[in-house]
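Taking the working numbering, I'd label the letters of the sequence shown as residues 11 to 308.
No residue lacks a Cβ here, since even glycine has one placed at the ideal position from N, Cα and C.
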Amino acid sequence: MKQLLSDKDIAQQNLSEEQIEKEMDRYEKETKKYAIWDDTITKGFISWLKGEKIYDKDKKRISFYVDEDVSDKWQEYMETHKQYSTLSKLIRAAINNFIEQEEKSSKYQKFAALSHDLKQPLTAIKGFSQLIMESTYSEKLSEETLSIIKNIFDQSVLLEKKIRGVENNTPSAEFDIDILLIEDDHATINLITTYLKGQGYKCKGVSSGNTALEIIDSRPPKLVLLDILLPDISGVDLCKELKSKDKYKNIPVYFLTGLPESDVKEAVSEANADGYILKPFNLADFKVLFNHLDKVKE
(Lines of atoms letter the chains of each structure in order from A and count residues from 1; the text may use other names and numbers.)
(Lines give C-alpha, C1' and ligand atoms only; values in the text may rest on other atoms or scores of the structure.)
Protein backbone atom coordinates (compact mmCIF):
# COMPACT_ATOMS: atom_id res chain seq x y z
CA MET A 1 0.00 0.00 0.00
CA LYS A 2 1.29 3.46 -0.92
CA GLN A 3 2.38 5.47 2.14
CA LEU A 4 0.17 8.56 2.24
CA LEU A 5 2.12 10.70 4.72
CA SER A 6 5.82 10.93 5.42
CA ASP A 7 7.26 8.89 8.25
CA LYS A 8 7.77 12.10 10.19
CA ASP A 9 4.11 13.13 9.77
CA ILE A 10 2.89 9.70 10.81
CA ALA A 11 5.23 9.60 13.78
CA GLN A 12 3.95 12.94 14.98
CA GLN A 13 0.34 11.76 14.86
CA ASN A 14 1.04 8.09 15.79
CA LEU A 15 -1.49 6.92 13.20
CA SER A 16 -1.61 3.80 11.04
CA GLU A 17 -2.31 3.97 7.29
CA GLU A 18 -5.85 2.75 7.93
CA GLN A 19 -6.42 5.44 10.56
CA ILE A 20 -5.03 8.07 8.21
CA GLU A 21 -7.50 7.09 5.51
CA LYS A 22 -10.37 7.31 8.01
CA GLU A 23 -9.13 10.72 9.13
CA MET A 24 -9.06 11.84 5.50
CA ASP A 25 -12.69 10.85 5.07
CA ARG A 26 -13.61 12.72 8.26
CA TYR A 27 -11.58 15.77 7.21
CA GLU A 28 -13.32 15.99 3.83
CA LYS A 29 -16.79 15.61 5.38
CA GLU A 30 -16.16 18.22 8.10
CA THR A 31 -14.31 20.83 6.08
CA LYS A 32 -15.63 20.21 2.56
CA LYS A 33 -11.98 20.31 1.48
CA TYR A 34 -9.83 17.70 -0.31
CA ALA A 35 -7.31 15.68 1.68
CA ILE A 36 -5.51 14.67 -1.54
CA TRP A 37 -5.07 16.92 -4.55
CA ASP A 38 -3.15 15.96 -7.65
CA ASP A 39 -1.83 12.80 -5.91
CA THR A 40 -0.40 14.91 -3.10
CA ILE A 41 -1.48 15.20 0.51
CA THR A 42 -2.76 18.74 1.08
CA LYS A 43 -1.19 21.01 3.66
CA GLY A 44 -4.67 21.73 4.96
CA PHE A 45 -5.18 18.10 5.93
CA ILE A 46 -1.79 17.92 7.65
CA SER A 47 -2.59 21.13 9.55
CA TRP A 48 -5.98 19.70 10.49
CA LEU A 49 -4.30 16.57 11.87
CA LYS A 50 -2.12 18.81 14.02
CA GLY A 51 -5.22 20.50 15.45
CA GLU A 52 -4.67 23.80 13.70
CA LYS A 53 -7.64 25.97 12.73
CA ILE A 54 -9.06 25.36 9.26
CA TYR A 55 -11.06 28.20 7.75
CA ASP A 56 -14.37 27.56 6.02
CA LYS A 57 -14.33 26.99 2.30
CA ASP A 58 -16.32 30.18 1.66
CA LYS A 59 -13.74 32.36 3.40
CA LYS A 60 -11.05 34.07 1.40
CA ARG A 61 -7.67 35.21 2.66
CA ILE A 62 -6.87 38.87 1.98
CA SER A 63 -3.44 40.33 2.70
CA PHE A 64 -1.83 43.72 2.14
CA TYR A 65 1.25 45.71 3.10
CA VAL A 66 1.37 48.81 5.30
CA ASP A 67 4.18 51.05 6.51
CA GLU A 68 5.81 50.11 9.78
CA ASP A 69 4.58 53.27 11.54
CA VAL A 70 1.00 52.40 10.54
CA SER A 71 1.41 48.88 11.89
CA ASP A 72 2.86 50.28 15.15
CA LYS A 73 -0.09 52.67 15.47
CA TRP A 74 -2.54 49.80 15.08
CA GLN A 75 -0.67 47.74 17.67
CA GLU A 76 -0.75 50.65 20.15
CA TYR A 77 -4.50 50.99 19.61
CA MET A 78 -5.00 47.29 20.29
CA GLU A 79 -3.10 47.57 23.57
CA THR A 80 -5.68 50.04 24.91
CA HIS A 81 -8.68 48.33 23.27
CA LYS A 82 -8.48 44.74 24.44
CA GLN A 83 -11.62 43.70 22.52
CA TYR A 84 -9.41 43.60 19.42
CA SER A 85 -7.14 40.64 20.17
CA THR A 86 -5.70 40.40 16.65
CA LEU A 87 -4.93 42.77 13.81
CA SER A 88 -7.34 40.93 11.54
CA LYS A 89 -10.15 41.47 14.06
CA LEU A 90 -9.34 45.19 14.28
CA ILE A 91 -9.23 45.54 10.48
CA ARG A 92 -12.54 43.70 10.04
CA ALA A 93 -14.20 45.91 12.67
CA ALA A 94 -12.79 49.07 11.06
CA ILE A 95 -13.99 48.11 7.57
CA ASN A 96 -17.45 47.09 8.83
CA ASN A 97 -17.73 50.39 10.74
CA PHE A 98 -16.68 52.37 7.66
CA ILE A 99 -19.31 50.64 5.51
CA GLU A 100 -21.95 51.20 8.19
CA GLN A 101 -21.09 54.91 8.44
CA GLU A 102 -21.24 55.29 4.67
CA GLU A 103 -24.70 53.73 4.63
CA LYS A 104 -25.90 55.91 7.54
CA SER A 105 -24.50 59.01 5.86
CA SER A 106 -26.33 58.12 2.65
CA LYS A 107 -29.60 57.58 4.56
CA TYR A 108 -29.17 60.90 6.36
CA GLN A 109 -28.56 62.76 3.10
CA LYS A 110 -31.72 61.23 1.63
CA PHE A 111 -33.71 62.24 4.72
CA ALA A 112 -32.26 65.76 4.65
CA ALA A 113 -33.32 66.11 1.00
CA LEU A 114 -36.83 64.83 1.82
CA SER A 115 -37.08 67.19 4.79
CA HIS A 116 -36.08 70.11 2.58
CA ASP A 117 -38.63 69.16 -0.08
CA LEU A 118 -41.41 68.95 2.53
CA LYS A 119 -40.55 72.27 4.13
CA GLN A 120 -40.74 74.29 0.91
CA PRO A 121 -44.48 73.80 0.20
CA LEU A 122 -45.21 73.73 3.93
CA THR A 123 -43.70 77.20 4.31
CA ALA A 124 -45.97 78.55 1.58
CA ILE A 125 -49.09 76.86 3.02
CA LYS A 126 -48.37 78.09 6.53
CA GLY A 127 -47.39 81.58 5.39
CA PHE A 128 -50.36 82.22 3.09
CA SER A 129 -52.91 80.85 5.57
CA GLN A 130 -51.48 83.10 8.30
CA LEU A 131 -51.45 86.05 5.91
CA ILE A 132 -55.13 85.58 5.07
CA MET A 133 -56.15 85.29 8.72
CA GLU A 134 -54.28 88.44 9.75
CA SER A 135 -55.20 90.61 6.75
CA THR A 136 -58.24 92.87 6.39
CA TYR A 137 -59.45 90.55 3.63
CA SER A 138 -60.43 88.05 6.32
CA GLU A 139 -63.35 90.29 7.25
CA LYS A 140 -64.95 89.50 3.89
CA LEU A 141 -64.75 85.72 4.46
CA SER A 142 -67.43 83.64 6.12
CA GLU A 143 -66.80 82.06 9.50
CA GLU A 144 -66.79 78.61 7.89
CA THR A 145 -64.10 79.62 5.40
CA LEU A 146 -62.00 81.24 8.14
CA SER A 147 -62.36 78.07 10.23
CA ILE A 148 -61.05 75.96 7.34
CA ILE A 149 -58.08 78.29 6.80
CA LYS A 150 -57.31 78.30 10.53
CA ASN A 151 -57.40 74.49 10.51
CA ILE A 152 -54.96 74.45 7.57
CA PHE A 153 -52.63 76.74 9.50
CA ASP A 154 -52.86 74.65 12.69
CA GLN A 155 -52.16 71.41 10.80
CA SER A 156 -49.16 72.97 9.04
CA VAL A 157 -47.75 73.98 12.44
CA LEU A 158 -48.21 70.42 13.72
CA LEU A 159 -46.52 69.00 10.63
CA GLU A 160 -43.64 71.44 11.04
CA LYS A 161 -43.14 70.29 14.66
CA LYS A 162 -43.16 66.63 13.61
CA ILE A 163 -40.55 67.25 10.92
CA ARG A 164 -38.31 69.09 13.37
CA GLY A 165 -38.82 66.35 15.96
CA VAL A 166 -37.68 63.67 13.50
CA GLU A 167 -34.73 65.84 12.50
CA ASN A 168 -33.65 66.22 16.14
CA ASN A 169 -33.80 62.47 16.68
CA THR A 170 -32.09 61.46 13.44
CA PRO A 171 -28.32 60.76 13.68
CA SER A 172 -26.66 63.32 11.46
CA ALA A 173 -23.71 62.91 9.14
CA GLU A 174 -21.31 64.44 11.67
CA PHE A 175 -18.52 62.24 12.97
CA ASP A 176 -17.17 64.09 16.01
CA ILE A 177 -19.13 65.12 19.10
CA ASP A 178 -17.69 66.70 22.23
CA ILE A 179 -20.89 66.56 24.28
CA LEU A 180 -23.98 64.46 23.57
CA LEU A 181 -27.01 65.94 25.34
CA ILE A 182 -30.01 63.65 25.99
CA GLU A 183 -32.96 65.70 27.20
CA ASP A 184 -36.69 65.42 26.48
CA ASP A 185 -37.38 69.16 26.72
CA HIS A 186 -36.61 70.83 23.38
CA ALA A 187 -36.32 74.30 24.91
CA THR A 188 -33.63 73.02 27.27
CA ILE A 189 -31.85 71.30 24.36
CA ASN A 190 -31.80 74.55 22.37
CA LEU A 191 -30.53 76.56 25.35
CA ILE A 192 -27.73 74.16 26.32
CA THR A 193 -26.55 73.33 22.79
CA THR A 194 -26.46 77.04 21.89
CA TYR A 195 -24.45 77.84 25.01
CA LEU A 196 -22.00 74.93 24.57
CA LYS A 197 -21.44 75.72 20.90
CA GLY A 198 -20.76 79.32 21.91
CA GLN A 199 -18.06 77.99 24.25
CA GLY A 200 -16.39 76.23 21.31
CA TYR A 201 -17.67 72.68 21.91
CA LYS A 202 -19.36 70.49 19.34
CA CYS A 203 -22.67 69.49 20.91
CA LYS A 204 -25.47 67.25 19.67
CA GLY A 205 -28.86 67.22 21.40
CA VAL A 206 -31.47 64.44 21.16
CA SER A 207 -34.67 63.73 23.08
CA SER A 208 -34.58 59.94 22.86
CA GLY A 209 -32.39 57.52 24.78
CA ASN A 210 -32.52 54.92 22.00
CA THR A 211 -31.46 57.52 19.43
CA ALA A 212 -28.58 58.45 21.72
CA LEU A 213 -27.45 54.81 21.82
CA GLU A 214 -27.42 54.70 18.02
CA ILE A 215 -25.27 57.83 17.89
CA ILE A 216 -22.90 56.55 20.59
CA ASP A 217 -22.56 53.25 18.74
CA SER A 218 -21.65 54.97 15.47
CA ARG A 219 -19.43 57.80 16.76
CA PRO A 220 -18.84 57.86 20.53
CA PRO A 221 -18.86 61.39 22.03
CA LYS A 222 -16.22 62.65 24.44
CA LEU A 223 -18.85 63.21 27.15
CA VAL A 224 -22.53 62.38 27.75
CA LEU A 225 -24.94 64.72 29.57
CA LEU A 226 -28.37 63.17 30.11
CA ASP A 227 -31.61 63.58 31.99
CA ILE A 228 -32.54 60.77 34.37
CA LEU A 229 -36.21 60.80 33.34
CA LEU A 230 -36.50 60.12 29.61
CA PRO A 231 -39.59 59.02 27.64
CA ASP A 232 -38.20 55.71 26.37
CA ILE A 233 -35.36 54.57 28.65
CA SER A 234 -34.21 55.55 32.13
CA GLY A 235 -31.10 57.70 32.21
CA VAL A 236 -29.78 55.46 35.00
CA ASP A 237 -30.23 52.34 32.84
CA LEU A 238 -28.64 54.07 29.86
CA CYS A 239 -25.63 55.04 31.97
CA LYS A 240 -25.34 51.48 33.32
CA GLU A 241 -25.34 50.12 29.77
CA LEU A 242 -22.54 52.46 28.72
CA LYS A 243 -20.42 51.71 31.78
CA SER A 244 -20.84 47.95 31.28
CA LYS A 245 -19.25 47.98 27.82
CA ASP A 246 -15.48 48.12 27.42
CA LYS A 247 -15.56 50.45 24.43
CA TYR A 248 -17.83 52.99 26.19
CA LYS A 249 -17.00 52.69 29.90
CA ASN A 250 -14.38 55.46 29.76
CA ILE A 251 -16.86 58.02 28.35
CA PRO A 252 -17.73 60.48 31.17
CA VAL A 253 -21.45 60.50 31.96
CA TYR A 254 -23.13 63.36 33.85
CA PHE A 255 -26.78 63.52 34.91
CA LEU A 256 -28.82 66.68 34.23
CA THR A 257 -31.97 66.49 36.33
CA GLY A 258 -34.55 68.24 38.46
CA LEU A 259 -34.86 65.37 40.94
CA PRO A 260 -33.99 65.94 44.62
CA GLU A 261 -30.23 65.96 45.14
CA SER A 262 -30.39 63.00 47.56
CA ASP A 263 -32.04 60.87 44.84
CA VAL A 264 -29.54 62.06 42.26
CA LYS A 265 -26.60 61.06 44.45
CA GLU A 266 -28.09 57.57 44.78
CA ALA A 267 -28.51 57.38 41.00
CA VAL A 268 -24.90 58.48 40.44
CA SER A 269 -23.68 55.77 42.79
CA GLU A 270 -25.95 53.10 41.30
CA ALA A 271 -25.05 53.85 37.67
CA ASN A 272 -21.38 54.67 38.32
CA ALA A 273 -21.89 58.09 36.70
CA ASP A 274 -19.16 60.72 36.82
CA GLY A 275 -21.23 63.55 38.27
CA TYR A 276 -24.43 65.60 37.99
CA ILE A 277 -25.88 69.07 37.35
CA LEU A 278 -29.15 70.04 39.04
CA LYS A 279 -32.03 71.93 37.46
CA PRO A 280 -32.58 74.82 37.49
CA PHE A 281 -28.93 75.30 36.62
CA ASN A 282 -26.57 78.23 36.24
CA LEU A 283 -24.42 78.34 33.11
CA ALA A 284 -21.38 78.32 35.41
CA ASP A 285 -22.41 74.80 36.50
CA PHE A 286 -21.20 73.48 33.15
CA LYS A 287 -17.61 74.33 34.03
CA VAL A 288 -17.23 70.82 35.48
CA LEU A 289 -17.88 69.44 31.99
CA PHE A 290 -15.30 71.75 30.44
CA ASN A 291 -12.71 70.68 33.03
CA HIS A 292 -13.37 67.03 32.22
CA LEU A 293 -13.04 67.63 28.47
CA ASP A 294 -9.81 69.59 28.99
CA LYS A 295 -8.36 66.58 30.83
CA VAL A 296 -9.25 64.38 27.85
CA LYS A 297 -7.38 66.76 25.52
CA GLU A 298 -4.29 66.50 27.71
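Query: Could you tell me which whole alpha helix (DSSP H) segments of length 4 or greater appear in the segment 263-298?; Result: 271-281
Query: Quick check for students: name the residue ranges of the alpha helix (DSSP H) that lie wholly in the segment 186-250, counting only runs of 4 or more.; Result: 196-208, 219-228
Query: Exposed or buried, which one is residue 183 when buried takes at least 16 other CB atoms within 10 Å?; Result: Low confidence applies here, because residue 183 scores a pLDDT of 46, under 50, leaving its location unreliable and the question unanswered by this model.
Query: Does the pairing of the segment 160-172 with the segment 202-222 give three or more beta-carbon distances under 8 Å?; Result: no
Query: For residue 79, does the count of other Cβ atoms within 10 angstroms reach 16, so buried, or fall short, so exposed?; Result: exposed
Query: Should the segment 140-159 be called in touch with the segment 92-109, which here means at least 3 C-beta pairs below 8 Å?; Result: no
Query: Secondary structure at residue 158, three-state DSSP: helix, strand or coil?; Result: helix
Query: Pick helix, strand or coil for residue 51, following the three-state DSSP scheme.; Result: strand
Query: Using the three-state DSSP reduction, which class does residue 173 fall into: helix, strand or coil?; Result: helix
Query: Can you look up residue 261 in the DSSP assignment and give me helix, strand or coil?; Result: coil
Query: Helix, strand or coil, according to DSSP, for residue 46 in the structure here?; Result: strand
Query: Nearest to residue 7 by alpha carbon, out of 259, 256, 234?; Result: The question about residue 7 has no answer here: the residues shown for the chain are numbered 11 through 308.
Query: Return the residue from the list 154, 246, 45 that minimises the CA-CA distance to residue 282.; Result: 246
Query: Would you say the segment 288-302 touches the segment 261-271, given that touching needs at least three Cβ pairs under 8 Å?; Result: yes
Query: Whose CA, out of 199, 123, 303, 136, lies closest to the CA of residue 260?; Result: 303
Query: Tell me where the alpha helix (DSSP H) around residue 146 begins and ends.; Result: That residue, residue 146, is in no alpha helix (DSSP H); it is neither H nor E in DSSP.
Query: Could you tell me if residue 39 is buried or exposed, where buried requires 16 or more neighbouring beta carbons within 10 angstroms of its beta carbon?; Result: exposed
Query: Let's see if you can read the secondary structure: which residues bound the alpha helix (DSSP H) around residue 76?; Result: Residue 76 -> no alpha helix (DSSP H), and no H or E assigned at all.
Query: Is it true that the CB of residue 241 sits closer than 8 Å to the CB of residue 194?; Result: yes
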